[in-house]
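First comes the structure, then the notes that go with it.
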Amino acid sequence: MIQGIQGTTMAYTIDLIGKTAFVTGASSGLGRQFAKTLAAAGAKVVLASRRRDSLQEAADAIVQAGGEAFVVELDVTSLSSIEAAVAEAEQLAGPIDILVNNSGVSTTQKLQDVREEDWDFVLNTNLKGAFFVAQAVAKRMIARSQASGQPLEGARIINIASMAGLKVLPLIGIYAVSKAGVVQMSKAMAMEWGRYGINTNALCPGYIETEINRAHFATDAGRKLIDKLPRKKVGQPEDLDASLVLLASGQSHFINGATIAADDGFAL
Numbered sequence: 128m129i130q131g132i133q134g135t136t137m138a139y140t141i142d143l144i145g146k147t148a149f150v151t152g153a154s155s156g157l158g159r160q161f162a163k164t165l166a167a168a169g170a171k172v173v174l175a176s177r178r179r180d181s182l183q184e185a186a187d188a189i190v191q192a193g194g195e196a197f198v199v200e201l202d203v204t205s206l207s208s209i210e211a212a213v214a215e216a217e218q219l220a221g222p223i224d225i226l227v228n229n230s231g232v233s234t235t236q237k238l239q240d241v242r243e244e245d246w247d248f249v250l251n252t253n254l255k256g257a258f259f260v261a262q263a264v265a266k267r268m269i270a271r272s273q274a275s276g277q278p279l280e281g282a283r284i285i286n287i288a289s290m291a292g293l294k295v296l297p298l299i300g301i302y303a304v305s306k307a308g309v310v311q312m313s314k315a316m317a318m319e320w321g322r323y324g325i326n327t328n329a330l331c332p333g334y335i336e337t338e339i340n341r342a343h344f345a346t347d348a349g350r351k352l353i354d355k356l357p358r359k360k361v362g363q364p365e366d367l368d369a370s371l372v373l374l375a376s377g378q379s380h381f382i383n384g385a386t387i388a389a390d391d392g393f394a395l
């Protein structure tokens, strides 16, 4: 809340009412939280991943909370699946205004042990898949801009990178390579697509506790990792809410091509 000059109280709010958001990797973890957050801010949300049952559970929770949510199946390693999912999302919820490009995988190994199939597994999802999801959405955004003869209002692509794309970490080298690629990809997209009113930015989370890694952080190795963090704590998915909503909102119209670290200072 902001205290006014004459003693009145003003509230600064951001809402996404009237916007449609497409969130990949939305069946669990950060993607599920991203979908929940955007829906709470007023957006219609389309949740996408390969796990329909988990997606439906997440969408049902959003609807029960008063939001509007839809589900589409998506395999980001398949270009035909990407095109079909984006088309279905727009049929269900209307033209996509906001893309949260969140699908990601990793392996844990030394670089000398990386096999071609490991490289393809990580890069095909994290970089190639992210690129072609963004391209599929951007093509539709560009077509709308060209049809109107004006830049779009509020078109947003938020690519979820990682602090590993800013600071190399041991044993996840090819993951770091893929996320560094996402950072540069976001800058290239911002440069080419900004003229159409599309803002593209990269959000780089640090260590965030989710159901996938919670058990690891409770182990000796996990606790040793936490001890190396600047404030000796890991984040929670909701710690990314403010950054996400800002980048998705109209108030971020002057933020394009940015790389935003939300890692509690770990990449410094």
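Count along the sequence shown from 1, add 127, and you get the number used in this note's numbering.
A virtual CB, placed ideally from N, CA and C, is assigned to each residue, including glycine.
Would residue i be called buried (16 or more neighbouring beta carbons within 10 Å of its own) or exposed?
i, result
"D180", "exposed"
"M128", "Note on M128: pLDDT 35, under 50, position unreliable in the model; the coordinate value appears next. Exposed is the call here."
"N383", "buried"
"F381", "exposed"
"R159", "buried"
"L330", "buried"
Expressed to the nearest angstrom, what Euclidean distance is found between the alpha-carbon atoms of residue i and residue j?
i, j, result
"V227", "F161", "8 Å"
"A212", "A261", "12 Å"
"Q130", "A369", "Low confidence applies to Q130: its pLDDT is 41, below 50, so where it sits in the model is not reliable enough to give any reading."
"D245", "K306", "15 Å"
"D347", "P357", "18 Å"
"I132", "L165", "Because the pLDDT of I132 is 46, which lies under 50, any placement of that residue in the model is unreliable, and the question is left without a value."
"M290", "A389", "8 Å"
"K163", "K255", "26 Å"
"I353", "A214", "42 Å"
"L296", "G333", "12 Å"
"G193", "R242", "46 Å"
"Q237", "S275", "Just to set this straight, residue 237 is Lys in the shown sequence, not Gln. Between K237 and S275, the C-alpha separation is close to 51 Å."
"M309", "A315", "What sits at residue 309 in the sequence shown is Val, not Met. Their Cα atoms are separated by approximately 10 Å."
"F197", "R283", "19 Å"
"V203", "K359", "34 Å"
"R178", "S208", "14 Å"
"E336", "V361", "6 Å"
"I325", "I339", "32 Å"
"L395", "K294", "8 Å"
"A288", "A138", "32 Å"
"R341", "R271", "43 Å"
"G406", "D366", "Any question about residue 406 goes unanswered here, given that the chain covers just 128 to 395."
"V199", "G300", "32 Å"
Return the Cβ separation of residue i and residue j in integer angstroms, given the expectation that the two are a contact with Cβ distance under 8 Å.
i, j, result
"I144", "V372", "Not confirmed; about 12 Å, so no contact."
"K171", "G281", "Not quite, the Cβ-Cβ distance comes to about 13 Å (not below 8 Å), so this is no contact."
"A175", "L201", "4 Å"
"Q182", "A153", "Contrary to the premise, residue 182 reads as Leu rather than Gln in this sequence. Indeed they touch by this definition, with Cβ atoms about 6 Å apart."
Considering only DSSP beta bridges, list what residue i is partnered with.
i, result
"R341", "Bridge partners of R341: none, in fact."
"R283", "I225 and N326"
"A196", "V172"
"I141", "In the DSSP output, where bridge partners are listed per residue, I141 has none listed."
"I299", "Q236"
What is the residue span of the beta strand (DSSP E) that residue i lies within?
i, result
"V213", "Taken as a continuous stretch (DSSP letters only), V213 belongs to no beta strand (DSSP E), being part of the alpha helix (DSSP H) at L206 to A220."
"A388", "T386 to A389"
"A148", "T147 to T151"
Identify the continuous alpha helix (DSSP H) that holds residue i and give its terminal residues.
i, result
"F381", "Careful: F381 lies outside any alpha helix (DSSP H) and carries neither H nor E."
"F393", "Careful: F393 lies outside any alpha helix (DSSP H) and carries neither H nor E."
"A265", "A257 to S275"
"R159", "G156 to A167"
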